[in-house]
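In this note's numbering, the protein residues as written are 24 to 198. All C-beta atoms, glycine included, are put in the ideal place defined by N, C-alpha and C. Working notes, beginning with the structure itself.
Below, the structure is given as structure tokens:
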């Protein structure tokens with residue numbers, strides 16, 4: 024798989040040229056809460072990750088795609104499939120758009136729609152799920168608009184600067 028084409032965005036596989044972008048995101052403390060990160064990543068470690076990004080989702084149980092604007096091919100974010108479980112036909116999904124300038128323009132929604140279709144058609148999944156902290160209103164709106172339904176709440180699930188946040192579980196079950 025090289026690209027998934029939408030009207031305004033393209034989802035493409037990671038390339039070696041994405042090292043700097045990956046380095047910036049993975050070392051941005053503002054997203055550590057959602058990625059469960061506690062320490063910075065070196066370029067060496069991220070290069071190893073990129074070197075293995077071509078491995079099959081059935082082997083490594085995850086897939087990261089780069090969100091690019093169709094007109095400019097500018098990379099603006101990532102959309103991830105994680106905890107891929109082919110036996111139970113489910114996986115988690117997460118999306119991040121880096122710059123505030125690219126948010127609320129429909130790019131994340133279009134990416135999520137393309138990914139949901141890809142997961143159903145090519146991975147034969149029965150469901151996708153997302154874990155969202157209850158204060159992340161933008162993500163809640165994004166996933167609800169995409170058809171994900173709130174299925175539960177994990178109390179005091181995420182430790183953040185001496186306190187805890189609840190995390191919501193959203194599911195998208197294919198009919």
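Query, Result
"On a CA-only basis, which of 61, 174, 96 is nearest residue 182? Give me that one, please.", "61"
"Spatial neighbours of residue 177 within its chain, please: CB distance less than 7 Å, with the 5 preceding and 5 following residues excluded, ordered by chain position.", "189, 190, 192"
"Using 8 Å for Cβ pairs, my map puts residue 90 next to residue 32. What's the rounded Cβ distance?", "6 Å"
"Measure how close the beta-carbons of residue 142 and residue 165 come, nearest whole angstrom, since I'm counting them as under 8 Å.", "Not confirmed; about 16 Å, so no contact."
"Examine the Cβ distances between the stretch 82–101 and the stretch 64–71 and report whether three or more of them are shorter than 8 Å.", "no"
"Does the Cβ of residue 107 have 16 or more other Cβ atoms within 10 Å, making it buried, or fewer, making it exposed?", "buried"
"List the DSSP bridge partners of residue 105.", "115"
"Would you mind stating whether residue 197 and residue 127 have Cβ atoms separated by less than 8 Å?", "no"
"In chain order, what residues of the same chain lie with their CB nearer than 6 Å to the CB of residue 112, ignoring the 5 residues before and after it?", "148, 149"
"Using 8 Å as the threshold, is the C-beta distance between residue 135 and residue 169 below it?", "yes"
"Would you report the Cα separation of residue 184 and residue 64, rounded to the nearest angstrom?", "20 Å"
"Can you list, in chain order, the residues of its chain whose CB lies under 8 Å from that of residue 199, leaving out five sequence neighbours each side?", "Given a span of 24 to 198 for the chain in the structure shown, any question on residue 199 remains unanswerable."
"Which runs of the alpha helix (DSSP H) at least 4 residues long sit entirely within the stretch 127–164? Give them in chain order.", "130–144"
"Does DSSP put residue 190 in a helix, a strand or coil?", "strand"
"Excluding five sequence neighbours on each side, which residues of the same chain lie with their C-beta closer than 7 Å to the C-beta of residue 194?", "150, 152, 171, 172, 174"
"Which same chain residues, not among the five before or five after residue 125, have their C-beta less than 6 Å away from its C-beta?", "99"
"Cβ atoms of residue 103 and residue 87: under 8 Å apart, would you say?", "yes"
"Start and end of the alpha helix (DSSP H) containing residue 74?", "66–74"
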